[in-house]
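A short worksheet on the structure shown next.
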Amino acid sequence: MKLIFGIFWFLAFLSLPSHAQDKKVLDSLTNIYQTAKQDTTKILALINIAFEYRNSNPDTMMVLSPKTLAMSEEISYKKGIAGSLYNIGVSYDYQGKYPLALEHFQKSLKINEELNDKQGIASNIHNIGNIYTSQGNYTLALEYYQKSLKIREEIKDKKGCIASLNNIGVIYNAQGNYPSAIAHFQKSLKISEELKDKQGMTASLNNIGVIYDAQGNYHKALEHFQKSLKIREELKDKQGIAGSLNNIGFIYKNQGSYPLALEYFHKSLKISEELKDKQGIATCLNNIGIIYDIQANYPLSLEYYQKSLKVAEEMGDKELIASSLNNIGRNYYALSNYKMALEYHQKSFKIAEEIKNKRLVCYTLNNIGDVFKQQGDWSKAIEHYEKSLKIKKEIGDKWATIYTLNGLAEVYKKQKTYDKSILYAQEGLQIAQEIKALAEIKMLSQTLYETYKLKGEYVKALTYFELVKQTNDSIFNIDKAKSIANLESRFLLEKTNLENKAKTLQIERMEQEAKLYQVVSIFIFAFLILLLFLIFFIYKNWQKEKNAKQIIASQNEKIEAINANLEAIVKQRTEKLAERNKQLEDYAFYNSHILRRPVATILGLLSIFEMEEEQSKKEEILRYLYTAVKELDTVVHQIQDAVAEK
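Position 281 of the sequence shown, counting from 1, maps to 282 under the numbering used here, and the rest follow consecutively.
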């Protein structure tokens, strides 16, 4: 049996009006929720907010959805109840709790049918199909997808048609019906291109690439994966980019270019870790484990399977847990540690049965049968093979059915129950020839050759021996052709890679030149600004200096005028001062000469008057004294006239 996990299929899951968590969308919805006056508007906004978190934070979705359900039930708002039940179903689907998811989708569907909401009906039917796909029940899944497609075509929901067509294609691929699968993917791509729906285009291109990969046309597969990757890079869809890188890694794995495969898986892993996308992380870790498994590096393979298991357990994703446990079991089987292999396969089986994932159930049952066959416990091997066979026939997994039929044939051959061995081997061979599975035709022809030989029917044994040889030659020729095709494909891949690297280098160089131009432009702009500022500064200083000179000149003129005026005043005052000095000199002269004489006369007469006793002489002295006083008065007036200002 093949190891589980691998290429990223893009099952179209969306139904409510949203695509992936978008900050602008969330902000808009949050604003509607906060400003809404009606309860119904609030509920619908919160339902859409919850749905936006389905990829980035499923726990948030699971917290919000029961809240919106309670709010809707409180006011008997059926549309809100249906939307909330739908979101809860989505949450359980992400957790791998398929029975609970199915239960909630069916409840939501019932309400949508009561409301005659065809959009809601189609969405629920579509997601019920997703549950059956996850459980490996391809017949029922196809039935539901086709019902959903029919309704969407009636209501002209083109985006919904893209989803349904893609998922129908996925089912046809699982059934080995590649022409029908690719036809549906191409229809989906055509509608996406008409609508210019880039997200839809990337999913369809990816799925077409998966078909080409399954057919061994690796160049075509890579071409479609790279187209899908290019659009995702334009959209900055990191989760989609991680998926495309993973798928390109698988092309290299299928071509045997394991170092390149590991390189792309690690690139995908890095982005998934940045996004904290645990499902992407678990898938990439598992795929890295598959590479080491193919290289028979079982310790390293086991390490990555266990890392994948740890992440799956953190998520609580039971499908991922069961798949990882199954792969760890296959690892121990390859190491011939049948005890540990059986333990892990039984753990995987228990979970697969719990979540009713029929595909995983039948795969683990087959693997348990392989372990018992190797241990020689024929009855338990037959028991598990028969249970596995029954489920595989129910879900229509033809390729897996071949291996179970061969397992039963080998066990009966070991028990020497040759007729039963031949019966199972021939049934397996018929299916292998029907689906043109050459390796499986060779395997069953070998079993039939050995059984007929042991039975002693050598003619029939020889017939199957010849078939083994013919098939082996065909496989050799095909392998040879594939090797040539692979060499051509590798050459084209390397050429494409070199061209892409050259383009990348050219883009990087252009970006660097643009950055340099930007830096130089900024520098020149800054220099011009600085130069203009400097010129302005010099001009302003010149203006100030000019104004200052004008002011100084004006002030000098004023000072000169003032000086001239002062000189005139000084001259005038000097002249006045000279005149006054002359007056003072005249005064001093009068004072020292003219005035002194009458004063001296008066003083002398007074002295004589005091000494004279005779009355007659005193009277004469008084007459002289009177004359002297009159003279003094005349002198005083003369002095006043002499010193008075003119």
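We put the CB at the ideal spot given by N, CA and C, even for glycine.
Exercise. DSSP state of Arg574, grouped into three classes?
Worked result: Three-state DSSP puts Arg574 in a helix.
Problem set entry | Cβ neighbours of Gly317 in the same chain (closer than 8 Å, five flanking residues each side left out) | Excluding its 5 nearest sequence neighbours in each direction, Gly317 has C-beta neighbours in its own chain below 8 Å: Gln96, Gly97, listed in chain order.
Exercise. What's the call for Leu286, buried or exposed, on a 16-neighbour Cβ count within 10 Å?
Worked result: Around the beta-carbon of Leu286, 16 or more other beta-carbon atoms lie within 10 Å, marking it buried.
Problem set entry | Three-state secondary structure (DSSP) of Glu614 | Three-state DSSP puts Glu614 in coil, outside helix and strand.
Exercise. If you drop the 5 nearest sequence neighbours on each side, which residues of the same chain put their C-beta closer than 7 Å to that of Leu336?
Worked result: Cβ neighbours of Leu336 beyond the five flanking positions: Tyr299.
For this session: Could you say which of Asn88, Ala102, Lys157 lies nearest to Lys119 if we only look at CA atoms?
Result: The option with the nearest alpha carbon to Lys119 is Lys157.
Exercise. Is it a yes or a no for the region 102–121 touching the region 364–376, going by three-plus beta-carbon pairs under 8 Å?
Worked result: The answer is no - the region 364–376 does not touch the region 102–121, with fewer than three Cβ pairs under 8 Å.
Exercise. For the 8 Å Cβ check, are there 3 or more pairs between the region 447–459 and the region 418–436?
Worked result: Counting Cβ pairs under 8 Å, three or more are found: they touch.
For this session: Taking only the alpha-carbon atoms, compute the straight-line gap between Leu276 and Ser325 and give it to the nearest angstrom.
Result: Each residue's Cα considered, the two are about 22 Å apart.
Exercise. How is Ser337 classed by DSSP in three states: helix, strand or coil?
Worked result: Ser337 falls in the coil class under three-state DSSP.
Problem set entry | Per-residue burial, Pro599 [other beta carbons within 10 Å of its own, 16 or more giving buried] | With 16 or more other Cβ atoms inside 10 Å of its own Cβ, Pro599 counts as buried.
Exercise. Rounded to a whole number of angstroms, what is the C-alpha to C-alpha distance between Gln39 and Ser92?
Worked result: Going by C-alpha positions, Gln39 is about 27 Å away from Ser92.
Problem set entry | Residues near Lys319 in its chain [Cβ-Cβ closer than 6 Å; skip 5 each side] | Here Lys319 has Gly97, Ile352, Ile356 as same chain residues with Cβ atoms under 6 Å from its own Cβ, once five neighbours each way along the sequence are excluded.
Problem set entry | For Thr628 and Ile609, the rounded distance between their alpha carbons | Answer to the nearest angstrom: the Cα atoms are 15 Å apart.
For this session: Indicate the three-state DSSP secondary structure (helix, strand or coil) for Ala486 in the structure shown.
Result: With a pLDDT of 49 at Ala486, under the threshold of 50, the predicted position of this residue should be treated as unreliable, though the coordinate-derived value follows. For Ala486, the three-state secondary structure derived from DSSP is helix.
Problem set entry | Inter-residue Cα distance where the pair is Ala549 and Glu561 | Rounded to whole angstroms, Ala549 to Glu561 spans 18 Å at the Cα level.
Exercise. What are the start and end residues of the alpha helix (DSSP H) that includes Asp318?
Worked result: Run containing Asp318: none; DSSP gives neither H nor E here.
For this session: Please list the segments of the beta strand (DSSP E) lying wholly inside the region 53–137, counting only runs of 3 or more residues, in order along the chain.
Result: Counting whole runs of 3 or more residues, the region 53–137 contains no beta strand (DSSP E) stretch at all.
Problem set entry | Simplified DSSP state of Ser349, which is helix, strand or coil | Residue state, collapsed to three classes: helix.
Exercise. Given Thr418, which residues of its chain have a CB within under 6 Å of its CB, disregarding the five upstream and five downstream residues?
Worked result: Nothing meets the Cβ criterion.
For this session: Decide if the region 265–273 is in contact with the region 238–251; the criterion is three or more beta carbon pairs, one per stretch, under 8 Å apart.
Result: Enough Cβ pairs lie closer than 8 Å, so yes.
Exercise. Using the beta-carbon count (16 or more within 10 Å), is Ala410 buried or exposed?
Worked result: Ala410 is buried by the Cβ-count criterion.
Problem set entry | Coarse secondary structure for Leu4, derived from DSSP in three states | Because Leu4 carries a pLDDT of 46, less than 50, the predicted location of this residue cannot be relied on, and the following value inherits that uncertainty. If DSSP states are grouped into helix, strand and coil, Leu4 belongs with coil.
Problem set entry | Where Asn542 sits in the DSSP three-state scheme | Helix.
Problem set entry | Inter-residue spacing [alpha-carbon to alpha-carbon] between Val312 and Leu261 | The straight-line gap from Cα to Cα measures roughly 25 Å.
Exercise. In terms of residues, what are the limits of the alpha helix (DSSP H) holding Gly250?
Worked result: Segment 239–255, the alpha helix (DSSP H) holding Gly250.
For this session: Inspect the beta-carbon positions of Gly161 and His185 and report whether they are closer than 8 Å.
Result: Not a contact, by the Cβ cut-off of 8 Å.
For this session: Check whether the Cβ of Leu531 lies closer than 8 Å to any Cβ atom in chain D.
Result: This model lacks chain D altogether; it includes just one protein chain.
Exercise. Heavy atom of the ligand SAM less than 7 Å from the Cβ of Ser135, yes or no?
Worked result: In the structure shown, the ligand SAM is absent, as is every other ligand, since no ligand is present at all.
Exercise. Just checking my contact of Arg331 with Gly137 at CB under 8 Å: how many whole Å lie between their CB atoms?
Worked result: The pair is not a contact, with the Cβ atoms about 18 Å apart (cut-off 8 Å).
For this session: Run the CB neighbour count on Leu535, radius 10 Å, all protein chains shown included, and call it buried at 16 or more, exposed below.
Result: Counting Cβ neighbours within 10 Å, Leu535 comes out exposed, since fewer than 16 surround it.
Exercise. Within this structure, are the beta carbons of Tyr345 and Ala401 separated by less than 8 Å?
Worked result: Tyr345 is not a Cβ neighbour of Ala401, given a cutoff of 8 Å.
For this session: For Lys3, collect the residues of the same chain with a Cβ closer than 6 Å to its Cβ; drop the 5 residues on either side in sequence, then sort them by chain order.
Result: Interpretation of Lys3 is limited by its pLDDT of 45, a score under 50 that renders its predicted location unreliable; the figure taken from the coordinates is listed afterwards. Excluding sequence neighbours, Lys3 sits near nothing in its chain.
For this session: Please confirm whether Lys279 and Glu314 have their CB atoms less than 8 Å apart.
Result: Contact: no.
Exercise. Within this structure, are the beta carbons of Ser389 and Leu366 separated by less than 8 Å?
Worked result: At a Cβ-Cβ threshold of 8 Å, Ser389 and Leu366 count as neighbours.
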